[in-house]
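Have a look at the structure below before the remarks.
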Amino acid sequence: MPKLSADRYFSPDPAQRSLARDLYAQVADLPLICPHGHVDPRLFADPDYKFGSPTELLIIPDHYIFRMLYSQGISLESLGVPKVSGEPSETDHRKIWQTFADHFYLFRGTPTGCWLNHEFQTVFQLENKLTSDNAQQIYDQIDGQLQSEEFQPRRLHERFNIEVLCTTDMATDTLEHHQTIRDSGWSSPILPTFRPDDVVLIDQPGWLQKIERLGELTGESIISYASYLKAIENRREFFRSMGAKATDHAAVNAYTGKLSDSAADAIFQRALQGKMNDDDAQIFRGHMLIELARMSTEDGLVMQLHVGSDRNHNGNVFDVFGLDKGCDIPLATEFTRSIRPLLNEFGSDPRLSLILFTLDESTYARELAPLVGHYPSLKLGPPWWFHDSLHGMRRYFDQVMETAGIYNTAGFNDDTRAYPSIPARHDVWRRASADWVASLLVRGMIDDQDAQAMMRALAYDLAKQAYNLD
Amino acid sequence: MPKLSADRYFSPDPAQRSLARDLYAQVADLPLICPHGHVDPRLFADPDYKFGSPTELLIIPDHYIFRMLYSQGISLESLGVPKVSGEPSETDHRKIWQTFADHFYLFRGTPTGCWLNHEFQTVFQLENKLTSDNAQQIYDQIDGQLQSEEFQPRRLHERFNIEVLCTTDMATDTLEHHQTIRDSGWSSPILPTFRPDDVVLIDQPGWLQKIERLGELTGESIISYASYLKAIENRREFFRSMGAKATDHAAVNAYTGKLSDSAADAIFQRALQGKMNDDDAQIFRGHMLIELARMSTEDGLVMQLHVGSDRNHNGNVFDVFGLDKGCDIPLATEFTRSIRPLLNEFGSDPRLSLILFTLDESTYARELAPLVGHYPSLKLGPPWWFHDSLHGMRRYFDQVMETAGIYNTAGFNDDTRAYPSIPARHDVWRRASADWVASLLVRGMIDDQDAQAMMRALAYDLAKQAYNLD
Amino acid sequence: MPKLSADRYFSPDPAQRSLARDLYAQVADLPLICPHGHVDPRLFADPDYKFGSPTELLIIPDHYIFRMLYSQGISLESLGVPKVSGEPSETDHRKIWQTFADHFYLFRGTPTGCWLNHEFQTVFQLENKLTSDNAQQIYDQIDGQLQSEEFQPRRLHERFNIEVLCTTDMATDTLEHHQTIRDSGWSSPILPTFRPDDVVLIDQPGWLQKIERLGELTGESIISYASYLKAIENRREFFRSMGAKATDHAAVNAYTGKLSDSAADAIFQRALQGKMNDDDAQIFRGHMLIELARMSTEDGLVMQLHVGSDRNHNGNVFDVFGLDKGCDIPLATEFTRSIRPLLNEFGSDPRLSLILFTLDESTYARELAPLVGHYPSLKLGPPWWFHDSLHGMRRYFDQVMETAGIYNTAGFNDDTRAYPSIPARHDVWRRASADWVASLLVRGMIDDQDAQAMMRALAYDLAKQAYNLD
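Chains as they are written, first to last, in our numbering: chain A, 129 to 598; chain P, 129 to 598; chain Y, 129 to 598.
So, in structure tokens, the structure goes:
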């Protein structure tokens, strides 16, 4: 890993690089807007919260890291990833760290490599590259820092200059940590996001218990589709009262289609009784996406839709280690016809704001840019997950912006549960943006004034506006 | 928008830029070949034709422009887009122009932005960038020019150095304006193109009237598939007599499949009686594409096929404002198997020339380049519609040319109804071509002689040859 | 075609070019690893083997070349391509060569053009570019060399510095040429690869005869699925004894799915009796891919899977000229769900090594990089066929490496039957690799040490390791 260069990620062409450097300098000190991510709000609820060991912070919970190690034959067990059975995985954090260091070369040229390099140098002030030889010494260095007050999440939050951070929370989440944060008087906004997949995806294990819980939390007796909708609306209102600005929805595809209330109720009843037909889950989800859009027109929550991941592809890993273990694989995705029913209902409604995310880059130029470049309700989210990388961003700028224009995109979000990687991820985006804007400027496609306005929009304004964070 | 730079759109690398500049200089003064587009022939029928107001010329008819404004919540009504009902839309052209100027920033980094910039500076000689403040003053400037003789279409045609321009005309079009142009003795060729979608797509509203009209025009009593074919052949002959070099066909997908005459007639009869089965329209279209290819082998008209647009995606906009209102959205497209029946019939026939267009760039390297790099009848058309842009062209060169070679492509066409944007569009293509050829030259993949030949072919020869315009 | 430049294929940017040049210099003299290709082992069996005429060596057998000529209306017959009927094609090799020279411009900017240029200058020491005028003179030059001892395959092998070359051989191949090579005591390894498509694809013409032949060769009476498996296992053992390191499998799509033994046997019986159901071939192939993976876990042969070519697209060419005549066209391909059954069975088995190849680049970032970046058994093969080109490699590096990391890829293979093009093809890969690694280095994403390690891995180590050629 290289010493961080002031010109990292910029084109080597001197003319473009110089423009990119100047553009970047204009936004380098702007606060970070984090409107979508998976940081645990507990970090901020306890003012004295401490991260665990380096391994606990950086490796065990980060599927970007352990998926790469797993791909080279290192078992998740030996990396300390906990089993759903409760049976023990490796507990020697120094040993895990050593394995990580021994295989650090695997991350050459990857975004994870870039983020780690940035974290090591700017968050932990490491001077040397991690190697097999210095692994334990670096472990000590990081470990020592993690014990210090300076590395408490609230302190890092200030150091990272994060203006606002949104978490992702299930419909049945009580938001107790958010409440504690508010009660503590800490001023930096940590806002919940309403993600009701737990109660909308009727084929997910445990759905019925979630419905029961939803009933308890809302005081609704959820015996019908009508009471179910009411309970969801109630819960949205609660989230809004706790500062939520947005909802989030995962779907394996972008199918939408409106049902009659009675048809929706029929499926809902079958789900309650555990007697679903084959397509019920998809049909119900496609209907609910339209209902959830309708609710957004009424309560103003920005709607996010993340489409196209085949979750838990590796059945063995899922059985032993559970969800989110690096074995979700993207699927080819169709938007044009799938999302048309929703858009014909609410796509031109000025009250709806719907941000789309894809894992299928072939839809950027073909479907998504044309869609967001027409429908007033739509915005395109930043490159997501596997595409949240320097080259992924280049492809996004290249394939989206000419048709959509930047003002139909939603800026950047880091989508991460790896808290100390947040500055690194925004750093890549801001530099990639600067380099792209510079590439237009140096080719005479825009002028200086345009370039400066675009730079600021990409780095800061678009995300803030898209999520109503003003 | 920047002052037009002499090196616009070229790589910033000094070596590549210098080569690109030299290559471009070789073709900069070649006349424009416009073998496919949607300019209204009326412009040239009346030698004294005047364009209306700036708003009438540049905004109201241009869906590239108003779709972007619509995407940001500006109603089509307020932009003066006429309603099918005849109810009034905004008629204050200065007010519409002001709205456009207020939102001109939306076009930053888009091809529309580049074209407008080029038009404003080279066609209208504007010295300042359009802003909210100078909007009315610029309106006056353009308006004044549009009233002058210099800005009559025939005069602009000469100024634009357009060697030949092909229009797009329905099978039932009488070509009266083309006749008037011929009668007037004006020497610059304005040629019709035979686009029989109106009589081939049997599920389109109004198809039966079009068939009746086709009968009247051809003197055929169209009561059977056989007489229908005869009428189409008759009409092709008429178009040829009026100078047509090509046909054009739109299809939602690339499906082709041969029917027996009796099967074709059965569908045709159902269509006449308005009693079609679900798949009749697609099956008939797939059959007719093969029949139309057969006709091309007989009468020599070059065949164009434009595939993969989901028309009128926004039902509300379609209902109120009708066709071509910026809400057509591309679809994933399959060519390999779909078009095989046609190619197995006529793909190796030396008399057929079939030019393919796609909105699905994932087919460039995967299907289209391999197809046109094998079948003698096939050529690939330039990047189409949403992909007619600097970066779209780069992706096209990148993904098509290694497999297809440039000589299996059809050069450029502007495909526009926005007449004053024609030079701007060709300018982007010629510069993008120069930069791409320079990128090969500077990497030692071709030599100087190759580069010069390729440059001229891309800028001029290929389009002329592909459409038999010699 | 240009004089070969020392900096060919590198970025023109001076900083990146200089780094690329240095990186390339480190690997330029490393021997070539050729783990997958279609060179005829006969070339090496006879120590006195001579290539025929220039036309026989370079044109008649090379579908990359004659497909391009065919696409411009030149008949395969006139190019000397033999007919399956035995009827004569053009036999005047000088005339064919002249046609080739007259159309040499078609290869401008194509990989074939680059390879030919490299061959002409480095293998045949030509000083002038091939033209219509010098065609016969150059024919004489090449022809003279081909008659000399220096141009015998074994001599070229040493000159090309090929460390190991793997051929591709049917399950029913006797490997007699491989045996002759071994017996001759020639030391350079020419290894067979087990490609059992001939006995696995039950819908291929001649399958039954192949099964009979398989029975003869293995001494198995193949009357059941069980005896069929045994015969295949027997044959794998024979190939292993002859030095095979890998198997290879072609499939029109990536479908896999496990059958019960009785279900597999039922299909097998129907195949023996020529009474297959519509989907039998696909279902059986999908099952056999899992069985073949199972065999690889047992005998250690690396498994290769090449997916997504619609073979013999042009029925007329196939009927007259047979297989591999440049009319195979890629298909959109789905991996995520298709290959999941195989991966859930063996994807995490440390004994399996499965190398995937695609013709659908949209799967690089979407499916393949995420898959190979997770499953320990998987590696991604290099850009294949139409994508084996400078720009194809760039897209591969761009779209694969950030998610997969280079260590989950299999380095390069040339996949060619055109023996004298081998150095040219590796030259493109090594230079493309150097330029890509340099692009990361100059952007501060990796450091010098990383760059050097990655360069060597891409040029040499990865291929050797992926195929167990150590």
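Note that the Cβ used here is the ideal one computed from N, Cα and C, for glycine as well.
Given the structure is predicted, the values throughout are model-derived calculations rather than measurements.
query: If you count every other CB in all the chains shown that lies within 10 Å of the CB of Ala594/A, and 16 or more means buried, which is it?; result: buried
query: Here's a check: name, in chain order, each residue in its chain whose Cβ is nearer than 7 angstroms to the Cβ of Leu470/P, leaving out the five neighbours to either side.; result: Thr384, Leu417, Ile418 and Ala421
query: Rounded to whole angstroms, what is the Cα-Cα separation between Glu304/A and Arg283/A?; result: 21 angstroms
query: For a contact defined as C-beta to C-beta under 8 angstroms, what are the partners of Arg195/A on chain Y?; result: Gly501 and His502
query: May I ask you to list the residues that DSSP assigns as paired with Gln432/Y?; result: Asp376/Y and Ile483/Y
query: Nearest-angstrom Cα distance between Arg398/A and Ala392/A?; result: 10 angstroms
query: Do you know offhand how far Phe288/Y's Cα is from Ile550/Y's?; result: 8 angstroms
query: Counting only Cβ-Cβ distances shorter than 8 angstroms, please list the residues of the stretch 232–264 of chain Y near chain P, keeping chain order.; result: Tyr233, Leu234, Phe235, Arg236, Gly237, Thr238, Pro239, Gly241, Cys242 and Lys257
query: Alpha carbon to alpha carbon, how far is Gln226/Y from Ala263/Y? Give it in angstroms, no decimals.; result: 6 angstroms
query: Out of curiosity, what's the CA-to-CA distance linking Arg439/A and Asp543/Y?; result: 35 angstroms
query: Suppose only complete runs of 3+ residues qualify. What are the beta strand (DSSP E) ranges in the stretch 489–518 of chain Y, listed by chain order?; result: 506–508
query: Give the list of continuous beta strand (DSSP E) stretches no shorter than 3 residues that lie fully inside the stretch 336–418 of chain A.; result: 374–379
query: Can you list, in chain order, the residues of its chain with a C-beta nearer than 8 angstroms to that of Ala591/Y? Leave out the 5 residues immediately preceding and following it.; result: Ile161, Pro163, Ala538, Gly539, Phe540, Asn541 and Leu597
query: Thinking just about the alpha-carbon of each residue, which of Glu286/P, Leu400/P and His191/P is nearest to the one in Gln332/P?; result: Leu400/P
query: For a test of the three-state rule: what should DSSP assign to Pro189/A, helix, strand or coil?; result: coil
query: Could you check whether the stretch 443–461 of chain A touches the stretch 203–210 of chain A, counting it as contact only if at least three pairs of C-beta atoms, one from each stretch, sit closer than 8 angstroms?; result: yes
query: Does the beta-carbon distance from Tyr535/A to Leu234/P come in below 7 angstroms?; result: yes
query: Out of Phe474/P, Ala460/P, Phe446/P and Ile457/P, state which residue places its alpha-carbon closest to the alpha-carbon of His441/Y.; result: Phe474/P
query: Note down, one range per segment and in chain order, each alpha helix (DSSP H) of at least 4 residues found wholly within the stretch 144–228 of chain A.; result: 170–173, 182–186 and 191–199
query: So Leu132/P packs on Gln249/P, CB below 8 angstroms; how close in whole Å?; result: 5 angstroms
query: Using the Cα positions of Asp563/P and His191/A, report the straight-line distance between them to the nearest angstrom.; result: 42 angstroms
query: Using a Cβ-Cβ cut-off of less than 7 angstroms, list which residues of the stretch 187–213 of chain Y approach chain P; keep chain order.; result: Arg195, Met196, Tyr198, Ser199, Gln200 and Gly201
query: What residue from Asn381/Y, Ser388/Y and Lys386/Y has the CA that sits closest to Ser437/Y's CA?; result: Asn381/Y
query: From what residue to what residue does the alpha helix (DSSP H) around Leu471/P run?; result: Arg468 to Phe474
query: Judging by CA-CA distance, which residue of Ala153/P, Gly237/P and Ile193/P is the nearest neighbour of Gly599/A?; result: One cannot answer for residue 599/A here, as it falls past the ends of chain A, which runs 129 to 598.
query: Using a C-beta to C-beta distance shorter than 7 angstroms, which residues of chain A count as neighbours of Asn541/P?; result: Correct list: empty, because the minimum Cβ distance to chain A is about 19 angstroms.
query: Would the beta-carbon of Ser217/Y fall within 7 angstroms of that of Lys223/Y?; result: no
query: Quick check on this structure: which residue in Trp512/Y, Gln154/Y, Thr321/Y and Phe138/Y has the alpha carbon closest to the alpha carbon of Ala579/Y?; result: Gln154/Y
query: Quick one, which of Leu151/Y, Trp243/Y, Gly414/Y and Met370/Y has its alpha-carbon nearest Val570/Y's?; result: Leu151/Y
query: With Ile330/P as the anchor, note down where its beta strand (DSSP E) starts and where it stops.; result: Counting along the chain, Ile330/P falls outside any beta strand (DSSP E), and DSSP gives it neither H nor E.
query: Give a yes or no on contact between the stretch 167–179 of chain Y and the stretch 294–310 of chain Y, applying the rule of three or more CB pairs nearer than 8 angstroms.; result: yes
query: Going by Cα to Cα distance, which pick from Val448/A, Thr240/A and Phe449/A is closest to Met196/A?; result: Thr240/A
query: Starting from Leu590/P, trace the alpha helix (DSSP H) in both directions and tell me its first and last residue.; result: Leu590 to Ala594
query: DSSP beta-bridge partners for Met298/Y?; result: Arg323/Y
query: Given a cut-off of 7 angstroms on the beta-carbon distance, is the pair Pro130/A and Asp389/Y in contact?; result: no
query: By the 9 angstroms beta-carbon criterion, what residues does the stretch 346–371 of chain Y contribute toward chain P?; result: none
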